[in-house]
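Below is one structure, written out as structure tokens; the observations come after it.
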Amino acid sequence: MNNQENEIFKILKVLQDHGVLDRLVLIGSWATFLYKFYFKDDSYHPAIRTTDIDFLIPKQPLNSVKIDISQILGKMGFLEEFYSDGWLVFHRSDLHVEFLVSRVGAQSDNAIQIPTLGISARPLRHLWMLTENLIKVEVHGFSVKLPHPAAYGLQKLIISVRRRGKPEKIQKDQEQAEIVLTALRKTDINILKGFYNQLSKKEVKYIKDAIANRPL
């Protein structure tokens, strides 16, 4: 385990200890890495080298106990930075932590306040499927919520086509989608089909465009 992985696990453990981790879904590149605890396959070895940690916030229970994420991460050396539309990102020299929510319909790009966690989150499209069928993986004695890998792979393909003028990120999204989708087990295939059948015609087109002329 390298130093970066150690730091990721430290952050997850601190969030777990404060009762926050169970309210979050880890997405982004580090989900690709943690799927190794789901697949438990020696041939699954994603090489992840990113400073970004992305958490998706599902709908919070109405009576949730309030927890101050800013204070928790502040004690770990993270500084707050507010972006133009009001969402909050936590920065440290080695890592960046961002919180996202699913943007639905005509909802604006303005930040969504999450009072139960004391933060403002960034709304993004095409995240709905990432909370449809969650899994939990056991990591060094605690549990982390992840999107089902079938949903994660499809969503990565969709957003790869939605990106504009970012060839490196497009390539990265598609490679991560392929790593995860080709690792799916037979028991995951029906779940993959179920997610695919829920997609809009536009989302299906994005996926077809993403996999054209690629190994997948």
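Using our numbering, you'd call the opening residue of the sequence shown number 12 and step up by one each time. Note that the Cβ used here is the ideal one computed from N, Cα and C, for glycine as well. Computed from a prediction, not measured in an experiment: that's the story for all the values here.
If the five residues before and after F66 are omitted, its C-beta is found closer than 8 Å to the C-beta atoms of L35, V36, L37, I38, V108, E109, F110 and L111, all from its own chain and listed in chain order. Listed in chain order, the non-local C-beta contacts of L141 below 7 Å within the same chain comprise V36, I38, L67, P158, A162, Y163 and Q166, local neighbours out to five positions each way being set aside.
For L145, the enclosing beta strand (DSSP E) covers residues L145 to V150. In this structure the region 137–156 touches the region 206–214; the number of beta carbon pairs closer than 8 Å is three or more. Taking 8 Å as the upper bound for CB-CB distance, S54 and G97 are not in contact here, some 43 Å apart. Under DSSP, S171 shares a beta bridge with no residue.
Straight across, the Cα-Cα distance linking L45 with N121 is about 30 Å.
Selection R114, K156, L84 and V31 evaluated against K77 yields V31 as nearest (Cα-Cα). The alpha carbon of A221 has as its nearest neighbour, out of A58, K197, I200 and L168, the alpha carbon of L168.
By the Cβ-count criterion, Y49 is buried, with 16 or more other Cβ atoms from all chains shown falling within 10 Å of its own Cβ. Around the beta carbon of I22, 16 or more other beta carbons lie within 10 angstroms, which makes this residue buried.
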